[in-house]
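Step one of this worksheet: look at the structure below.
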Amino acid sequence: GGDSDGLTSLCLARAAEDVEGGAVPPPSVSVSDEDMRMRNVEFTWGAESVRAQELNDLFDSVGFARREPARIERGLGLNGSVCGAEGGTEGADEGDAGTSGNGVVSTPPAEVRVLCARAVRDSRGTPAGTLLGFARATTDGALCGCMWDVAVAPAWQRLGIGRALVERLGVALAEDGVSCIALYSEPGAVRMYEKVGFVRAGVNRSRGSGAVGGATGMVLTKRAKDRLKREMGMDA
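Sequential numbering from 1 applies to the sequence shown in UniProt numbering.
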């Protein structure tokens with residue numbers, strides 16, 4: 001659709017501008033998988049671990065449009081890798097699959113990546129195994145990666161799950177060697193993405209369901225990451 005084309009164009013444009021800057025550095029993982037499990041949240045990779053019904057229920061709970069099961073399956077990509085987080089004790093944020101130097105599971109390049117968060121055990125009235133959060137990304141494995149559908153169940157928000165999903169998905173895309181990662185952010189999530197290292201790139205006021213007051217286009221590039229480090233008084 002138009003949103004997909006627009007985000008991809010934005011990503012490719014920024015990737016071309018920053019081609020000399022090199023690949024995006026992997027985002028820092030603020031909370032380890034182990035600590036997330038202590039908060040009753042675990043992450044898993046693999047589209048096969050997500051059912052269309054539970055994903056639609058999650059989307060519905062956060063105000064996203066429900067989608068036909070066949071479209072969801074195509075969007076996940078049978079040949080991609082999916083990462084999911086499941087709920088455990090109290091608020092979590094990490095991934096499980098095979099760890100990289102960043103403390104996150106390493107996965108091979110794929111056209112579609114999916115990350116889910118699930119409850120580790122019964123908690124907050126939520127049964128073990130319940131889908132708490134979800135995020136997916138499309139990537140060409142070289143220049144551009146785009147994040148989509150970042151969602152966290154309302155009862156499990158403000159526990160760091162959304163940031164954990166974005167950080168881990170960002171690490172996977174950085175391992176592909178892309179020059180730019182792009183996404184559309186709802187107004188209330190902009191600050192969270194900025195903490196990860198994304199910078200604002202404009203507003204898409206014609207975006208469809210899920211947008212409130214206009215979605216903000218955001219990108220993560222090596223230059224943006226270096227600038228953030230300088231602003232924080234760190235060595236780039």
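Where a beta carbon is used, it is the ideal one built from N, C-alpha and C, also for glycine.
All figures in this text were calculated on a predicted structure; none of them were measured in a lab.
**Request:** Look at arginine 124 and alanine 151 and say whether their C-beta atoms are less than 9 Å apart.
**Result:** Not a contact, by the Cβ cut-off of 9 Å.
**Asked** Apart from the five residues on each side of it in sequence, which residues of its chain come closer than 6 Å, Cβ to Cβ, to alanine 174?
**Response** Val24 and Pro26
**Item:** Short Cβ contact (9 Å threshold) for phenylalanine 59 with leucine 165
**Value:** no
**Request:** Under 8 Å by Cβ, that's how I've got alanine 135 and leucine 169 pegged, so tell me the actual separation to the nearest angstrom.
**Result:** 5 Å
**Item:** Contiguous beta strand (DSSP E) assignments of at least 3 residues, all confined to the UniProt domain "N-acetyltransferase" (129-223)
**Value:** 131-139, 144-152, 180-185, 199-204 and 215-221
**Message:** Using the Cβ count rule (16 or more neighbours within 10 Å means buried), how would you classify serine 61?
**Reply:** exposed
**Prompt:** If you draw a straight line from the C-alpha of serine 185 to the C-alpha of glutamate 167, how long is it?
**Reply:** 15 Å
**Request:** Can you give me the start and stop residues for the beta strand (DSSP E) that alanine 117 sits inside?
**Result:** DSSP places alanine 117 in the uninterrupted beta strand (DSSP E) bounded by 112-119.
**Message:** If I follow the unbroken beta strand (DSSP E) through phenylalanine 64, where does it start and stop?
**Reply:** Counting along the chain, phenylalanine 64 falls outside any beta strand (DSSP E), and DSSP gives it neither H nor E.
**Item:** Simplified DSSP state of serine 28, which is helix, strand or coil
**Value:** coil
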